[in-house]
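Notes to accompany the following structure.
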Amino acid sequence: MAYFNTQIKASEGLRIGKPLIIDVSDPLLEGVYKSSIYDIDFNKKVMKIGMPSSQGQFVPLPAGTRLYVKMVDKSSMYVFQSMVISYEKDQEGFLVTYILFPDNLRKIQRRQFVRVPFFVEGDFIRLKTNETHKFITKDLSAGGLLMVSPCEMTVSEKVVVNMVVCESITLDGVTSQIVRSDRNVQTKHWIYGVEFKDLPRSIEDRIVRYVFVLEQEYRKKIKEEGANP
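All residue numbers in the sequence shown are consecutive under the working numbering, ending with 231.
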């Protein structure tokens, strides 16, 4: 995977509504949390974000907690150090947290979507024949997936994908295209690279965030296995 690192102004990178991945190294609060940007004050360099959550539970990080924040989008990741100012329930009734951000961010641009090992069953409709077939994924990204199926197809064929990625993400009737194919000589099953064609932006953003968390967990697992042969 090719990465390109550049420094950019915070005003050029930060966007309201973007998902955040927050790393906390404090021993009492250590973990990876999810959030999103609610509002940005570029004059005060203060960001209002949804209260960070872990496994569906909101976590009120106390003032002074240091954070390593990653904002992810379709093709890039913006990284910066931060600190919690405060948290509260705002006027709309949302649990929110206020954090600082610096003048500049580190932008990490990727040539392509990150793919991580991911094994889930689903089905697809082959538009050429209107037949439904089962498949199992091998990896996943916001741009598509790698799937295994006994059904033989040709590159450029269109299919409609249905699968549950996780509890909060479902692909329901996503038009996709076969962009590459290969065959496992042992199982005789076909392996297809599939590109999503009409994935809603909201789903795409959630997959980006979900895959990013999976990637972190995968790298952590590899690191731990390497340290304990």
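Backbone N, C-alpha and C fix where the C-beta goes; we use that ideal spot for every residue, glycine too.
Cutoff 8 angstroms; reference residue i; Cβ partners in own chain excluding five residues on either side
| i | result |
| --- | --- |
| Ile18 | Ile39, Tyr40, Asp41, Ile42 |
| Gln9 | Asn106, Leu107, Arg108, Lys109 |
| Phe121 | Ile138, Thr139, Lys140 |
| Ser55 | Tyr35, Lys36, Ser37, Val61 |
| Ile224 | none |
Cβ neighbours of residue i in the same chain (closer than 7 angstroms, five flanking residues each side left out)
| i | result |
| --- | --- |
| Val48 | Ile87, Tyr100, Leu102 |
| Asp207 | Pro21 |
| His135 | Asp125, Phe126, Arg128, Ser151, Cys153 |
| Ser13 | Phe44 |
| Lys130 | Glu159 |
| Pro64 | Val86 |
| Cys168 | Tyr212 |
| Asp184 | Ile193 |
Residue range of the unbroken alpha helix (DSSP H) whose run includes residue i
| i | result |
| --- | --- |
| Glu14 | 12-15 |
Nearest residue (CA-CA) to residue i, options the options
| i | options | result |
| --- | --- | --- |
| Arg182 | Gly195, Ser78, Asn45 | Gly195 |
| Val1 | Pro64, Arg221, Tyr212, Glu219 | No statement about residue 1 is possible, as the shown extent of the chain runs from 3 to 231 and does not include it. |
| Glu133 | Val157, Leu148, Val161 | Val161 |
| Val118 | Val215, Glu226, Glu227, Lys11 | Val215 |
| Ser84 | Glu94, Leu147, Pro104, Leu97 | Pro104 |
| Asn186 | Phe82, Lys91, Met149, Thr131 | Met149 |
| Ile171 | Pro202, Ile180, Gln188 | Pro202 |
| Lys199 | Ile180, Glu227, Ile193 | Ile180 |
| Ile205 | Met165, Glu94, Glu217, Ile51 | Met165 |
| Gly145 | Val210, Val167, Ile193 | Val210 |
| Glu217 | Ser143, Asp184, Gly15 | Ser143 |
| Thr156 | Trp192, Leu147, Gln188, Val81 | Trp192 |
| Phe82 | Leu16, Glu94, Glu227, Asp184 | Leu16 |
Per DSSP, the bridge partner or partners of residue i
| i | result |
| --- | --- |
| Ser178 | Val161, Phe198 |
| Arg108 | Gln9, Val81 |
| Glu90 | Val98 |
| Pro1 | The displayed coordinates of the chain run from 3 to 231. Any statement about residue 1 would go beyond what the structure contains. |
| Gln59 | Ser56 |
| His135 | Phe126 |
| Ser183 | Tyr194 |
| Thr172 | Val166 |
| Pro119 | Asp141 |
Span of the beta strand (DSSP E), counted from its first residue to its last, around residue i
| i | result |
| --- | --- |
| Asp41 | 33-43 |
| Met73 | 68-74 |
| Gly145 | No beta strand (DSSP E) contains Gly145, which DSSP labels as neither H nor E. |
| Asp25 | 21-26 |
| Ile48 | The sequence given here places Val at residue 48; Ile does not occur at that position. Here the beta strand (DSSP E) through Val48 covers 48-52. |
| Ile127 | 123-128 |
Same chain, Cβ closer than 6 angstroms to residue i, five either side skipped, listed in chain order
| i | result |
| --- | --- |
| Val163 | Phe126, Leu173, Val176, Ser178 |
| Lys222 | none |
| Lys97 | For the sequence presented, residue 97 should be read as Leu rather than Lys. Taken in chain order, the residues that qualify are Met53, Phe60, Lys91. |
| Tyr220 | Val118 |
Neighbour flag for residue i against chain C, beta carbons, 8 angstroms
| i | result |
| --- | --- |
| Leu216 | No chain C is present in this structure, which holds just one protein chain. |
Using 8 angstroms as the cut-off, can you tell me whether the segment 63-73 makes contact with the segment 22-32, which would need three or more C-beta pairs spanning the two stretches below that distance? yes
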